[in-house]
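Novice:
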Amino acid sequence: MSNSSTLIEESVHIDCEILFSEIYHVAPTIKVQSPGRINLIGEHIDYYGGYVMPAAIDRYIVICLGPADQSDSKVYSGTFDEQIIIPANGTIDPGNHHWKKYIIKVLEILLESGYKSRPFNVALTSTIPVGAGLSSSAALLCGFVSALAEYNGWLISLEKIALIAQTTEHRLGTPCGLMDQYASLMGKKDSFLLIDFDGLKIKEIKVDLKEYVLRLINTKVHHELTDGGYARRRREGESALESLKSFYSKSGSYREFSIDELNAMPPFDQTEFKRARHAISEHQRVIQFAEAVAQGDFLFAGELMYATHESLKHDYAVSCEEADFIVEEAVKSGVAGARIMGGGFGGCVLCLMDYSVEAAFKEVLVPAYEKKFGLTPEFIDVNLGERVVTSLA
Ligand code: GAF
């Protein structure tokens, strides 16, 4: 980890503890560092039972919690300078307010699952940019539930926390898979996670990038998965999978099918055909990527990232003009691999490059992007991170 990354990590912790003390006039008793995530490869296939390769990063939501001496519970966000007061025996309507609705909804789901918390006070700080596709909502939900579990002594597995966070997203309109929650809860500082969402098996892949670095480039195009595009892609892909299964009389997920089998199908809806082609080909790329990383072949790993971008752009249709432009410039600048990352429709492009290429790439990209889109793309260093739950009492 770089020194600057350690400093950011320390400052967000200190900020949160200070914030808590300023608001509640007492020190917190529990602190959770809940990470955002990147995804190396395996995009939009977690919900089809595919393989994915995410990692937790050193961008965090920090949650400081302590007991409340009143019957209400309070959650204060330092990022938005806003507070929610949650009455002991009552529900409140958070409206469509981004961070508040996650807190209210997850408390509702916890109650339904038999987890009723003692009154608490919480302060939140964050270094995860919202809407950049780095899973700030998964970090918030998983971190908040982790803090409540520690506070109340609930014996609750990480898998169960992930499911509670996923149910919250579903109820709020994003029918997501479990990749982001698993990455945030189970990611390790020195590893990528190879997750098999068929059997829910996880393999930690120790990372030595040698002379290569990972960078995120924030397109600054706001990414919103609740507006219907994500859910529509998933419906189209599921419908195509049903057609494949019924034609070949097979059961299971996309991994049971090859591109040849897809091509040999009688003509069917072109959009659904493309969604299926992405899912089948992406699954194969994840397997190849894992092998390339194990062999230290980052040039081939980068080629696979470019191939994923093409597939997300043409077949899954979740890219945007701004991300496509960054990827085109990356190719010209000799970046090993680049692709739109996460749910898509904006957010970040993930790049893998020899460190010696970065300065020249940035010098070309930034003015060209500013000229074309009137926005300044932000280069974000990527270091791996992990969740930490600390008892301060
Ligand atoms: C979002 C979702 F939350 C994930 O489950 C995953 O589907 C991802 O988009 C695309 O790979 O982050």
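Note that the sequence shown covers residues 41 to 433 in my numbering.
Just so you know, even glycine gets a beta-carbon here, dropped at the ideal spot from N, CA and C.
Please read all numbers here as calculations on a predicted model, not as lab measurements.
Out of Y294, G268, S61, K290, state which residue places its alpha-carbon closest to the alpha-carbon of V162.
Specialist: Restricting attention to Y294, G268, S61, K290, the CA atom closest to the CA of V162 is found in S61.
Novice: According to DSSP, simplified to helix, strand and coil, what is V261?
Specialist: coil
Novice: Taking 6 Å as the cut-off, is the CB of D86 close to at least one heavy atom of the ligand GAF?
Specialist: yes
Novice: Is it buried or exposed, S197, if we count other Cβ atoms within 10 angstroms and call 16 or more buried?
Specialist: Result: exposed.
Novice: I need the DSSP call for E122, collapsed to helix, strand or coil.
Specialist: strand
Novice: Please say whether C388 and L256 have beta carbons closer to each other than 7 Å?
Specialist: yes
Novice: So, is Y87 buried or exposed, given that buried needs 16 or more other C-beta atoms within 10 angstroms?
Specialist: buried
Novice: Can you grab the Cα-Cα spacing for the pair L344 / A376, in whole Å?
Specialist: 10 Å
Novice: Taking the continuous beta strand (DSSP E) assigned at E83, which residues delimit it?
Specialist: Unbroken run through E83: none, as it is neither H nor E.
Novice: Could you spell out the range, first to last residue, of the beta strand (DSSP E) harbouring G227?
Specialist: From DSSP, G227 is part of no beta strand (DSSP E); its letter is neither H nor E.
Novice: Check whether the Cβ of G342 sits closer than 6 Å to any heavy atom of the ligand SAH, and report yes or no.
Specialist: Annotation note on the ligand SAH: not contained in the displayed structure, which lists the ligand GAF as its ligands.
Novice: Per DSSP, what are the beta-bridge partners of P215 in this structure?
Specialist: Per DSSP, none; premise fails for P215.
Novice: In the DSSP assignment, find the beta strand (DSSP E) that holds L390 and state where it starts and stops.
Specialist: 388–394
Novice: So, helix, strand or coil for E244, using DSSP?
Specialist: strand
Novice: When the Cα atoms are used, what is the spatial distance from S289 to V326?
Specialist: 26 Å
Novice: Any heavy atom of the ligand GAF closer than 6 Å to the CB of E278?
Specialist: The closest heavy atom of the ligand GAF lies 6 Å or more from the beta carbon of E278.
Novice: Within 10 Å of its beta-carbon, does H354 have 16 or more other beta-carbons around it, so buried, or fewer, so exposed?
Specialist: With fewer than 16 Cβ atoms within 10 Å of its Cβ, H354 is classed as exposed.
Novice: Take S231 and list the residues in its own chain whose beta-carbon comes closer than 8 Å to its own, dropping the five residues that flank it on each side.
Specialist: A95, E244, I245, K246, V247, L424
Novice: For R99, is the classification buried or exposed, using 16 other Cβ atoms within 10 angstroms of its Cβ as the cut-off for buried?
Specialist: buried
Novice: Could you tell me the distance, in whole angstroms, from the CA atom of S286 to the CA atom of M305?
Specialist: Each residue's alpha carbon lies about 11 Å from the other.
Novice: Which one or two residues does DSSP pair with L105 in a beta bridge?
Specialist: I70, V162
Novice: Judging by CA-CA distance, which residue of E361, E368, I124 is the nearest neighbour of H262?
Specialist: Here the closest residue by C-alpha is E361.
Novice: To the nearest angstrom, how far is the alpha carbon of P75 from that of E426?
Specialist: Straight across, the Cα-Cα distance linking P75 with E426 is about 6 Å.
Novice: Nearest-angstrom Cα distance between G90 and G292?
Specialist: 11 Å
Novice: Tell me which residues share the same chain as M41 and place their Cβ nearer than 6 Å to its Cβ, disregarding the 5 neighbours each side in the sequence.
Specialist: Here the model assigns M41 a pLDDT of 43, short of 50, so the residue's position is not dependable and the matter cannot be decided.
Novice: Within 10 angstroms of the Cβ of Q335, are there 16 or more other Cβ atoms? Answer buried if so, exposed if not.
Specialist: exposed
Novice: Would you give the residue range spanned by the alpha helix (DSSP H) that D300 belongs to?
Specialist: 299–303
Novice: For the structure I just gave you, are there three or more beta carbon pairs, one from the stretch 346–353 and one from the stretch 114–134, closer than 8 Å?
Specialist: no
Novice: Relative to the C-alpha of P169, which residue among L181, I420, G268 is closest?
Specialist: I420
Novice: Run through DSSP, which three-state label would G377 get?
Specialist: strand
Novice: Assuming R315 contacts E282 (C-beta within less than 8 Å), just tell me the rounded distance between them.
Specialist: Actually they are not in contact, since the Cβ atoms of R315 and E282 sit about 12 Å apart, beyond 8 Å.
Novice: Whole angstroms is fine: what's the gap from I380's alpha carbon to E148's?
Specialist: 34 Å
Novice: So what's R99 in DSSP terms, helix, strand or just coil?
Specialist: Strand, per DSSP.
Novice: By DSSP, does K114 sit in helix, in strand, or in coil?
Specialist: strand
Novice: Would G268 be called buried (16 or more neighbouring beta carbons within 10 Å of its own) or exposed?
Specialist: Under the 10 Å beta carbon count, G268 is surrounded by fewer than 16 other beta carbons and is classified as exposed.
Novice: Tell me whether the beta-carbon of C182 lies closer than 7 Å to the beta-carbon of L218.
Specialist: Judged by beta-carbon spacing, L218 lies beyond the 7 Å limit of C182, meaning their Cβ atoms are not closer than that value.
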